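In this note's numbering, the protein residues as written are 397 to 484. Just so it is clear, CB atoms sit at the ideal spot from N, CA and C, and this is done for glycine as well. Model, not experiment: these values are computed from the prediction.
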């Protein structure tokens with residue numbers, strides 16, 4: 397029997413957001429954007445991922461899979477956080 401993975405529920409109140417008008421949005425903490433900012437922008441493509449094969453404990457893999465789709469992306473994010481926390 398194949399397990400059905402359930403997506404984590406969003407904590408966003410989507411109905412409240414849908415009912416908001418533009419005037420209801422607080423932009424006081426948002427920096428002003430003008431045409432000069434666009435002249436300084438550049439497009440950066442993400443580096444391609446490397447395909448690897450690693451051994452992972454079944455319970456660890458199971459936990460990530462239970463988090464839903466894109467569990468491998470989440471595993472990568474956890475590994476990246478570890479690297480950044482332990483890099484000098």
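Rounded to whole angstroms, the gap between the alpha carbons of residue 474 and residue 481 is 11 Å.
Contact annotation, residue 463 with residue 470: C-beta distance approximately 6 Å; criterion of less than 8 Å satisfied.
Considered as a whole, the stretch 410 to 461 harbours 410 to 415, 431 to 436 as its complete alpha helix (DSSP H) runs of no fewer than 4 residues, in chain order. Out of 483, 417, 465, 477, the CA that lies nearest to the CA of residue 405 is found in 465.
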